[in-house]
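Asks: Residue numbers (UniProt numbering), protein chains in the order written: chain G, 1 to 345; chain R, 1 to 345. Here a beta-carbon is modelled for each residue, glycine too, at the ideal position from N, C-alpha and C. Everything numeric in this text was worked out from a predicted model, so none of it was measured.
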DNA sequence: CTGAAAGCGCTTACAG
DNA sequence: CTGAAAGCGCTTACAG
């Protein structure tokens, strides 16, 4: 910066002004400074600026490890790109596998003086205190572990209803739901329901409204993945095995993640059964569904909008001292692929 | 820091000394300062330290977008964790999809004064100049686009030889290679060969040595993925279609990525063919191979070692002014799963 | 419209 | 062993 100032024959203050409020600098001088910036290739030191203004233009992102579910790769990528579009750089920490405690990630982000922290399925209430103490705003994505904090949510109901409607229109009567057990995921919550409860409730009401079988034995509940071993299709395989062992098995299965659907396909492949011939399968997340054989019909979310909104809320919280926490809800929707067809009659 | 100093009745300089060279502070004082640090929960501001010491403890990582190939999620995760273990925070930029030019990422990393930049399949020779000018060392992973720069490489030959040996032991004679076309990937190189050439050469020599058919028509070459559309199994589907159309099709296929293998399984599934009944399939990367149906035999790399070595080299380059660029090479290896069996006779 | 000066929170060479 | 002082590279309130 000193070089630029010297070259242009002005003070460093004027260089800064050309950078941030050029209209306040007389034209002749401004042009001289701009020429000097060009000539030297000068770009302000982000670290120094961060120290001076106590805005680092960094946001922290704490999100589930993408190796456990590639959906989180898509989400974190979308958030990172939305952040870049607004001039922010993302500092990402993965949560879920490895022994990388969320508390440590929070500490790191505080030390790095990030302007805001975005959590996706990773916020534990006890992590809020240090962030609040450091005056760092928080946005929750698809999670409401804390009241009074911005939250960007996804409503599973539209996608699940579309999935059940798709299956009943094909002629399916016995449709199984494979998903997270609400009892196993007693997540902290502020709205009285967890995601697992919401998805299960959406399934139940869609099945009831659309005339498919309402049979509790068709609700196959468990975990999405085991944290150890990085064998993310294991849970789906185990749950599909339970379905194959049923007295009155379903003809279609709605799984609560694409990873579960992958496990389903593996068990059916090993058992010599075909999809959609013997079973129709629908996934959730629209992550690896298009890579499976056959490509799997799946419920997806509007990722770009979620990411954009998340950033808008974070920026509002950063820049507006009077910002009131908001809650935004997006709809899920169904993408039909080759894993669903009419049942054998 | 001022608070701590006041509370302990010492100067800020002494607080800093307790933090960085405690043995130089008299015991009584040191304990007083440590107590004050405890009491206030003080942690040094990383931004200020970065400005003062011109070491930010950040490393930049520019790597292929994990949505194009999940292997890069595994690799970047491994590097990020290795960095954390050494006290570094990673600033990650994805390369390949979206319009996120590498040059911009490089600029961002320079502005952020990262201590080093790690490239995986993303280094273009023209990006080196600004980094060199900013005195930021570079490590190349699985890529040697530039001479005189640290490089951590993977030798495809051991894994490919193991794959072919596995197939010939099962009785396969006609084995196809599906991979990147060396002509399509005229990557910058310093060692005379590109990765595509190395893999193809490894295939050819393994096939020759192990007595399988050496038939140029069994080399099905193309691209790993299309950058547009985020349909990463598309290329594999197209190449598999070419194999199905052959007069003398192979009985086994070695694909150069798990994404290609996914496309293979999709085409065979749609054609009513079975794996490994009709075709044995081997993938590469050991990324989603364990999620496919059937789980796919795949060639993998020692990720933890690669990540650790990458960081060791980066740190050496950061801390040691006399550091001489090094080249480290790791072996690939085969993980056998359910997609390979004896051919139909 | 412009510059001199202060200060963000640290670290470290220097003097004692 | 310890403190006062300088300085990393910026931004901005203040005075003119």
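List, in order along the chain, the chain R residues whose C-beta lies closer than 9 angstroms to that of residue 43 of chain G?
Replies: As a working note, residue 43 of chain G is residue 43 in the first chain. Here the neighbours are 107, 110, 111.
Asks: Using C-beta distances below 7 angstroms, list every residue in its chain close to residue 22 of chain G, excluding the 5 sequence neighbours before and after it, in chain order.
Replies: If you number the first chain from 1, residue 22 of chain G lands on position 22. Once the five neighbours on either side are set aside, the close Cβ partners of residue 22 of chain G are 30.
Asks: Under three-state DSSP, which class holds residue 289 of chain G?
Replies: Here residue 289 of chain G is taken as the residue at index 289 of the first chain, counted from 1. Residue 289 of chain G: helix per DSSP, three-state reduction.
Asks: Would you kindly check if the distance between the Cβ of residue 203 of chain R and the Cβ of residue 254 of chain R is under 8 angstroms?
Replies: Walking along the second chain from the start, residue 254 of chain R turns up at place 254. Walking along the second chain from the start, residue 203 of chain R turns up at place 203. Cβ atoms of residue 254 of chain R and residue 203 of chain R: closer than 8 angstroms.
Asks: Do you know offhand how far residue 144 of chain R's Cα is from residue 74 of chain R's?
Replies: Residue mapping note: residue 144 of chain R aligns to position 144 of the second chain, counting from 1. Residue mapping note: residue 74 of chain R aligns to position 74 of the second chain, counting from 1. The straight-line gap from Cα to Cα measures roughly 20 angstroms.
Asks: For the 8 angstroms Cβ check, are there 3 or more pairs between the region 288 to 307 of chain G and the region 317 to 325 of chain G?
Replies: At 8 angstroms Cβ cutoff, the stretches do not touch.
Asks: Using C-beta distances below 6 angstroms, list every residue in its chain close to residue 170 of chain R, excluding the 5 sequence neighbours before and after it, in chain order.
Replies: Translated into the one-based positions of the second chain, residue 170 of chain R becomes position 170. Here the set comprises 342.
Asks: Check whether the region 61 to 80 of chain G and the region 53 to 66 of chain R touch, using three or more Cβ-Cβ pairs below 8 angstroms as the test.
Replies: yes
Asks: What does the Cβ neighbour count give for residue 293 of chain G, buried or exposed, with the cut at 16 atoms within 10 Å?
Replies: The residue labelled residue 293 of chain G in the question sits at position 293 within the first chain. Per the 10 Å Cβ criterion, buried.
Asks: Whose C-alpha, out of G:246, G:112, G:53, G:24, is nearest the C-alpha of residue 61 of chain G?
Replies: For this step, residue 61 of chain G is matched to residue 61 along the first chain. Per the C-alpha coordinates, the member of G:246, G:112, G:53, G:24 positioned closest to residue 61 of chain G is G:112.
Asks: Using a Cβ-Cβ distance cut-off of 8 angstroms, determine whether residue 340 of chain G contacts chain R.
Replies: Within the first chain, numbered from 1, the residue matching residue 340 of chain G stands at position 340. With 8 angstroms as the cut-off, residue 340 of chain G does not count as an interface residue toward chain R.
Asks: Runs of 3 residues minimum, wholly inside the region 141 to 223 of chain R: which ones carry the beta strand (DSSP E) assignment?
Replies: 150 to 155, 175 to 180, 219 to 222
Asks: With 8 angstroms set as the bound, which would you pick, yes or no: does the beta-carbon of residue 94 of chain G sit closer than that to a beta-carbon of chain R?
Replies: Taking the first residue of the first chain as 1, we reach residue 94 of chain G at position 94. Yes, because at least one Cβ of chain R sits closer than 8 angstroms to the Cβ of residue 94 of chain G.
Asks: Strictly below 7 angstroms CB to CB, what residues from chain G border residue 269 of chain R?
Replies: As a first step, residue 269 of chain R is located in the second chain; it is residue number 269 there, counting from the start. Identification of chain G residues near residue 269 of chain R by a Cβ-Cβ cut-off of 7 angstroms yields 293, 294, ordered along the chain.
Asks: Tell me whether the beta-carbon of residue 250 of chain G lies closer than 8 angstroms to the beta-carbon of residue 339 of chain G.
Replies: The count along the first chain starts at 1 and reaches residue 250 of chain G at position 250. The count along the first chain starts at 1 and reaches residue 339 of chain G at position 339. No, the pair does not count as a contact, with Cβ atoms beyond the cut-off.
Asks: Rank R:2, R:212, R:262, R:272 by C-alpha distance to the C-alpha of residue 288 of chain G and give the top, closest one.
Replies: Against the first chain, residue 288 of chain G aligns to sequence position 288. Looking at the Cα atoms, R:262 is the closest of the given residues.
Asks: Quick one: grab the DSSP three-state call for residue 77 of chain R.
Replies: Translated into positions along the second chain, residue 77 of chain R becomes position 77. Three-state DSSP puts residue 77 of chain R in a helix.
Asks: List, in order along the chain, the chain G residues whose C-beta lies closer than 7 angstroms to that of residue 67 of chain R?
Replies: Working through the second chain from its first residue, we reach residue 67 of chain R at position 67. Those are 73, 74, 77, listed as they occur along chain G.
Asks: If I'm right that residue 241 of chain G touches residue 267 of chain G with Cβ under 8 angstroms, what's the distance once you round it to whole angstroms?
Replies: By 1-based counting over the first chain, the position of residue 241 of chain G is 241. By 1-based counting over the first chain, the position of residue 267 of chain G is 267. With a Cβ gap of about 6 angstroms, residue 241 of chain G and residue 267 of chain G count as contacting.
Asks: If we call anything under 8 angstroms between Cβ atoms a contact, is residue 291 of chain R one with residue 281 of chain R?
Replies: The count along the second chain starts at 1 and reaches residue 291 of chain R at position 291. The count along the second chain starts at 1 and reaches residue 281 of chain R at position 281. No, these two residues do not count as a Cβ contact at 8 angstroms.
Asks: Short of 6 angstroms in beta carbon distance, which residues of its chain neighbour residue 308 of chain G, apart from the five on each side in sequence? Order them along the chain.
Replies: Within the first chain, residue 308 of chain G is the residue found at index 308, counting from 1. If we look at residue 308 of chain G and ignore the five residues flanking it on each side, its Cβ neighbours are 82.
Asks: On a CA-only basis, which of R:322, R:245, R:337, R:279 is nearest residue 286 of chain R? Give me that one, please.
Replies: Here residue 286 of chain R refers to the residue found at position 286 when the second chain is read from its first residue. Ranking R:322, R:245, R:337, R:279 by Cα distance to residue 286 of chain R puts R:337 first.
Asks: Could you tell me which chain R residues have their CB closer than 8 angstroms to the CB of residue 89 of chain G, listed as they occur along the chain?
Replies: Counting from 1 along the first chain, the entry for residue 89 of chain G is found at position 89. Near residue 89 of chain G (Cβ distances below 8 angstroms), the residues of chain R are 91, 108, 112.
Asks: Can you pull the chain G residues whose beta carbon is under 7 angstroms from the beta carbon of residue 265 of chain R, in chain order?
Replies: Within the second chain, numbered from 1, the residue matching residue 265 of chain R stands at position 265. Those are 293, listed as they occur along chain G.
Asks: Note down, in chain order, all residues in the region 230 to 260 of chain G with a beta-carbon under 8 angstroms from any beta-carbon belonging to chain R.
Replies: 231, 232, 233, 259
Asks: What whole-angstrom Cβ distance do residue 48 of chain G and residue 4 of chain G have, given they're in contact under 8 angstroms?
Replies: On the first chain, residue 48 of chain G is found 48 positions in, with the first residue counted as 1. On the first chain, residue 4 of chain G is found 4 positions in, with the first residue counted as 1. Beta-carbon to beta-carbon, residue 48 of chain G and residue 4 of chain G are separated by about 14 angstroms, too far to satisfy the 8 angstroms threshold.
Asks: Can you check the region 72 to 137 of chain G for any alpha helix (DSSP H) of at least 4 residues that lies completely inside it and give the ranges in chain order?
Replies: Counting only runs of 4 or more, we get 102 to 111, 128 to 133.
Asks: Please list the terminal residues of the continuous alpha helix (DSSP H) segment that includes residue 32 of chain G.
Replies: On the first chain, position 32 is the one that residue 32 of chain G refers to. Looking at the DSSP string, the run of the alpha helix (DSSP H) that includes residue 32 of chain G is 27 to 40.
Asks: Who does residue 335 of chain R pair with in a DSSP beta bridge?
Replies: Residue numbering aside, residue 335 of chain R sits at position 335 when the second chain is read from its first letter. In the DSSP output, where bridge partners are listed per residue, residue 335 of chain R has R:298.
Asks: Smallest Cα separation from residue 84 of chain G: which of R:57, R:88, R:333, R:109?
Replies: Here residue 84 of chain G refers to the residue found at position 84 when the first chain is read from its first residue. Among R:57, R:88, R:333, R:109, the Cα nearest to that of residue 84 of chain G is on R:109.
Asks: Note down, in chain order, every chain G residue with its Cβ under 9 angstroms from the Cβ of residue 214 of chain R.
Replies: Working through the second chain from its first residue, we reach residue 214 of chain R at position 214. Residues of chain G passing the Cβ test: none, with the nearest at roughly 30 angstroms.
Asks: Taking Cβ-Cβ distances below 7 angstroms as the criterion, which residues of the region 29 to 62 of chain R are in contact with chain G?
Replies: 43, 45, 46, 47, 48, 50, 51, 56
Asks: Determine, using beta carbons only, whether residue 288 of chain G comes closer than 8 angstroms to chain R.
Replies: Translated into the one-based positions of the first chain, residue 288 of chain G becomes position 288. So yes, residue 288 of chain G belongs to the interface.
Asks: Applying the criterion that 16 or more other CB atoms from any shown protein chain within 10 Å of the CB defines a buried residue, is residue 148 of chain G buried or exposed?
Replies: Counting from one through the first chain, the residue named residue 148 of chain G turns up at place 148. So residue 148 of chain G counts as exposed.
Asks: List the residues of chain G whose Cβ lies closer than 8 angstroms to the Cβ of residue 262 of chain R, in chain order.
Replies: Taking the first residue of the second chain as 1, we reach residue 262 of chain R at position 262. Those within 8 angstroms of residue 262 of chain R in chain G are 291, 292, 293.
Asks: Classify residue 61 of chain R as helix, strand or coil using the three-state DSSP reduction.
Replies: Taking the first residue of the second chain as 1, we reach residue 61 of chain R at position 61. Under the three-state reduction of DSSP output, residue 61 of chain R falls in the strand class.
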